Structures are given as structure tokens and as C-alpha cells.
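Chemist: All residue numbers for the sequence shown refer to my numbering, where the first residue is 1107 and numbers rise by one.
Quick reminder that beta carbons are idealized off the backbone N, C-alpha and C, glycines included.
A quick note: this is a predicted structure, and the numbers were derived from the prediction, not measured.
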Amino acid sequence: MKLFESELRVVNIGLEAFRQGLSDAGVKSVQAQFKPPLSPEAGLFAKAAKKAGKIEKANRKALERILAAKPALVGMGVALDVIPGMRKDLILHAGPPITWARMCGPMRGGIMAALMYEGLAKDPKEAEKLAASGKIKYEPCHEHNAVGPMAGIISASMPVFMIKNEEHGNLAYATQNEGLGKVLRYGAYGPEVIERLKWMERTLYPTLKAAIESLGRIDLKTMVAQALHMGDEVHNRNRAGTSLFYRAIAPAVIKTCKDPETAARSLEFINGNDHFFLNLSMALSKASLDAGRNVKDSSVVVVMARNGTDFGVQLSGTGGKWFTGPAAVPDALYFPGYTKADANPD
């Protein structure tokens, strides 16, 4: 009964910073002294504690390299020509390594679209058969200095942006963003998907490539800083980033594109796709975080990626090793008639 007679207070479990925020706002609160139970590998904590000084020093070094990164858009190219290790029989995907047998539906659909786009299959049935045959190889984008949204599919003929970390010299790559609706990255493989991808390859790509070459470079780090102040978080909301990119690229497109109709359609495509900047923001993040790799003893996470089946991370101090676990189903807003039960893991 004392509970109902005493003054109400917020009980905070976890980070004490949350309780401090309540106190700053004048809300009375108490901090519960709770720690999650240690795992059977509790001995690892003792080992880590002995190296705390080395880890802290290494993390500072990795972070300094990441913060010093200067990502800039310096050009475009075809994946087969510019992405390290790219081959005609190779398809890159999001997340940690995965086999066709374990892939989720949307990723399989994206791969089927890529095979039809490449002319390796004439229809979905043929594409699915080829994808499962063992003749096509699958590797993570992150193992080839690349990134991609959702399914993250990159095949040999796809045009890619080239983002250079001008401070450290490393490059990162990403495809052009298709927009929303029925698109490859969501697993769609209908005729309209392939038609759009072909237009992006044959029309949008050469138009933007020429414009970027005329500019020499576009400073993406400054652009992201501006976009953040304008309300973007440069992943789910990219309206400001796309607008800033449009302002930077449009004059160059007008100057370098000889066909007014092509210039107009290319700029209309960017203007009508608020997510166009997404792929650029992912690639600039990749170029920045890769600079923090391979610092001995560092526990800084340089990759977080998922493929609809597994979620994986890579640490600065552990090279290319993946640490994986099951992908979770997002607790999100769904279209009318759909619930979390209908969702694919992220």
C-alpha cells in the first residue's frame, strides 16, 4: 500500500544519462541499480578489462581516422570496370555472406532482376533456376568496398558512383537510386523494373558521369552536414540531401548534355526521387568508416549490415571477420491490412 501513498517517481533502469535528463527537466526519478546477467563467456570480460588501456588508445586512433575522412564524389563507372574483384558471374549483396538457399524472398527477387537485367535470363523462371544452379557467385558488397540499400544488389553492368576519401585515398562504390515502389532493391523483377534500370544505364549514367567529370568533385561531407541541419538523417529522410545534390549537379548537366530532352528527363528523375541521395550517403559513410579499419586492438564497429536473414558487424581490430546473428523483424508502420506477421526480417 505504501506504493500508492508515496510520491510518484520515474524509475530508470539502464543508462543513468536518461535519469539525468529527467532531473534536468524537473522530473523526480530514481536510478535502479541493475545490470544484465553475464553470459557463460564471462571470462572474456576479464580479458578485455586487462586490455582496456590498449583498446581505448586504439579506439581513439580509429575514431580520429574516421572523423578526418573527406569523402567526395569524384566520378562514375561500370561495376565490372571499377569495383575491385568484380566479375560477370558475381553478384554483390547487402549484409554478411549468405547462400542462395538461405536468402530471403526480397533478396532472391533482386538477384533474379539483376540476372534478367544482365541478359543472363529471359524470364523470372529462368532467372531463379540460374540463381540456384551454382553458376552465379554471391559475395557481400562490403567485401568489395561497396554498399547498397535494402537487398544491396550490384551486378557487373550496373553504373556506380565512385566516392573517394581524399584524406586517406580509399574508394567506395554505390549504384544509382531507383526511387520507390516496384524496384530491384525491394525484390521486384517485373518488366518495368528492368526497363528503368536499362534507362538508368543508358541515359542517366552517361549524363551524370559527364556532369561530374566537368565539376571534378563534389564535397559530400559538407553536403551531409548541411542536410543534417535541414532535417535529414540521410537514410530514411533524404529530401534535403537530394535537393542539395540537385543544386550542385543541375548546372553541370545543362552545360554538358547536348540533348535538352535527356537533360530534362535526367533532372526530373532526380527531382522526383527524394531518396536519390541515399546511395551517396551510404557510400560516403563507407569511405569514411573504412578509414578506421585494421587498427590493432580497436573495438570500433566499422560495418553494420543485414540481408534479411542475418545481421552482421565488423570491427576495426578484427579485419574482415563477420560477427553475425539472426536479423530481427522491424516494429514499424505497415500498409493497411498488413501487420508485423507479414514482414520479412530486416
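1. Going by DSSP, what residue range makes up the beta strand (DSSP E) through residue 1429?
2. Run the CB neighbour count on residue 1336, radius 10 Å, all protein chains shown included, and call it buried at 16 or more, exposed below.
3. For the beta strand (DSSP E) containing residue 1250, name the first residue and the last one.
4. Would you say residue 1346 and residue 1333 are within 9 Å of each other, going by their C-beta atoms?
5. Would you mind reading off the limits of the beta strand (DSSP E) that contains residue 1412?
6. State the Cα-Cα distance for the pair residue 1272 and residue 1175, rounded to the nearest angstrom.
7. Identify which residue in 1177, 1173, 1260 has its Cα closest to the Cα of residue 1214.
8. Under the DSSP definition of a beta bridge, which residues are partnered with residue 1417?
9. Run through DSSP, which three-state label would residue 1135 get?
10. So residue 1276 packs on residue 1187, CB below 8 Å; how close in whole Å?
11. Under DSSP, the beta strand (DSSP E) around residue 1281 begins and ends at which residues?
12. Residue 1288 lies in the beta strand (DSSP E); which residues open and close that run?
13. Whole angstroms is fine: what's the gap from residue 1267's alpha carbon to residue 1168's?
14. Let me know the secondary structure DSSP gives residue 1444 once reduced to three states.
15. Taking DSSP as the reference, what is the three-state secondary structure of residue 1113?
16. Roughly how many angstroms lie between the CA atoms of residue 1242 and residue 1236, to the nearest whole one?
17. Kindly indicate which three-state DSSP category residue 1140 falls into: helix, strand or coil?
18. Tell me whether residue 1268 sits in a helix, a strand or coil according to DSSP, three-state version.
19. Taking the C-alpha atoms as reference points, what is the distance between residue 1400 and residue 1257?
20. When you compare the segment 1193-1213 with the segment 1304-1315, are there three or more beta-carbon pairs, one atom per stretch, that lie closer than 8 Å?
21. Kindly indicate which three-state DSSP category residue 1355 falls into: helix, strand or coil?
22. Tell me whether residue 1118 sits in a helix, a strand or coil according to DSSP, three-state version.
23. By DSSP, does residue 1325 sit in helix, in strand, or in coil?
Modeler: Taking the definition as stated:
1. Here the beta strand (DSSP E) through residue 1429 covers 1429-1432.
2. Counting Cβ neighbours within 10 Å, residue 1336 comes out exposed, since fewer than 16 surround it.
3. It is not in any beta strand (DSSP E) - residue 1250 carries neither H nor E in the DSSP assignment.
4. Closer than 9 Å, so yes.
5. Taken as a continuous stretch (DSSP letters only), the beta strand (DSSP E) holding residue 1412 covers 1407-1412.
6. Looking at the backbone, the Cα of residue 1272 and that of residue 1175 are separated by about 7 Å.
7. When 1177, 1173, 1260 are compared, the shortest CA-CA separation from residue 1214 is found for 1260.
8. Its beta-bridge partners are 1412, 1431.
9. If DSSP states are grouped into helix, strand and coil, residue 1135 belongs with the strands.
10. Taking C-beta atoms under 8 Å as the contact rule, residue 1276 and residue 1187 fail to qualify, at a distance of about 18 Å.
11. From DSSP, the beta strand (DSSP E) with residue 1281 extends over 1277-1281.
12. Element bounds for residue 1288: n/a, residue is neither H nor E.
13. Roughly 25 Å between the two C-alpha positions.
14. It is coil, neither helix nor strand.
15. In the structure shown, residue 1113 sits in coil (DSSP, three-state: anything other than H, G, I, E or B).
16. Each residue's Cα considered, the two are about 7 Å apart.
17. Three-state result, residue 1140: coil.
18. Here residue 1268 carries a strand assignment [DSSP, helix/strand/coil].
19. So the two alpha carbons sit approximately 27 Å from each other.
20. The answer is no - the segment 1304-1315 does not touch the segment 1193-1213, with fewer than three Cβ pairs under 8 Å.
21. The answer is helix: DSSP assigns residue 1355 an H, G or I state.
22. Reduced to three states, the DSSP call for residue 1118 is strand.
23. Three-state result, residue 1325: strand.
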